[in-house]
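Residue numbers (the working numbering): 22 to 227.
Before any comments, here is the structure.
Take a look at the structure:
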């Protein structure tokens, strides 16, 4: 896998300066700006089979850096950080769950999540219910659209922060259509969660 060595040091230093000078409230915005400097568009990625006719018309730069393919917005989920969540997404696609999602209204996530995960009982102490389609999407909360499975709680927390950042970065607001792209798909978990967080990359920072 092609990598870019040494490109991350300047953005990291700039983030430190932003935190000291401007305060932590501006760090998220700074991370969004600096992410464009470090996005490696040679990274492997996977899309839902149904999305390929559209995404195949777009370049890796459009998909992974600009977060947009024609009129369709893109959200990136990294399998290196979330191997079980990306497994759930890929399995949901294979089961015919929707690959085009629409951002729900702010504050409506909890109700949709409760509708599908309310009776879920984790088998492991650090396990959590993961749902695709996302609770933050209009499609989430409708049983026919949703696949659930147990994932590490760390991944669940990582996904929440990642989605907030991805929505902001791609300009996704209530009603906006978007699709998910899985990056580093070779890191997708190959078996069910058994109580061990197998992610090679435990940090959720961009």
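Ideal placement from N, C-alpha and C gives every residue a C-beta, glycine not left out.
- Taking the Cβ atoms as the reference, residue 113 lies roughly 21 Å from residue 185, outside the contact range of under 8 Å.
- In this chain, the alpha helix (DSSP H) harbouring residue 133 covers 130-138.
- Within the same chain, 195 come within 7 Å of residue 126 by CB-CB distance, once the 5 residues on both sides are set aside.
- DSSP places residue 189 outside any beta strand (DSSP E); the residue lies instead in the alpha helix (DSSP H), whose first and last residues are 174-191.
- The bridge partners DSSP lists for residue 199 are 94 and 122.
- Residue 157 places its beta carbon 9 Å or farther from that of residue 171.
- Here residue 171 carries a strand assignment [DSSP, helix/strand/coil].
- Taken atom to atom, the span from the alpha-carbon of residue 151 to that of residue 90 is near 27 Å.
- From the listed residues 92, 159 and 201, the smallest Cα separation to residue 66 is found for 201.
- By the Cβ neighbour-count rule, residue 99 is buried, with 16 or more other Cβ atoms within 10 Å of its own.
- A Cβ-Cβ separation of about 14 Å leaves residue 142 out of contact with residue 174 under the 8 Å criterion.
- For residue 161, the number of other beta carbons within 10 angstroms of its own is at least 16, and it is reported as buried.
- Three or more Cβ pairs closer than 8 Å define a contact, and the region 66-79 falls short of that threshold against the region 210-225.
- Approximately 7 Å separates the beta-carbon atoms of residue 203 and residue 111; this is inside 8 Å, confirming the contact.
- Note on geometry: alpha-carbon atoms of residue 206 and residue 220 lie some 12 Å from one another.
- Between residue 136 and residue 164, the C-beta gap is smaller than 9 Å, which places the two residues in contact.
- Taking each of 197, 199 and 214 in turn and checking the Cα distance to residue 177, the smallest one comes out for 214.
- The beta carbon of residue 138 is closer than 7 Å to those of 150, 152 and 169 in its chain, skipping five residues each way along the sequence.
- The Cβ atoms of residue 187 and residue 96 sit closer than 9 Å to each other.
- An exposed status is given to residue 78, since fewer than 16 other beta-carbon atoms sit within 10 Å of its beta-carbon.
- If you draw a 10 Å sphere on the C-beta of residue 140, you find fewer than 16 other C-beta atoms in it, and that means exposed.
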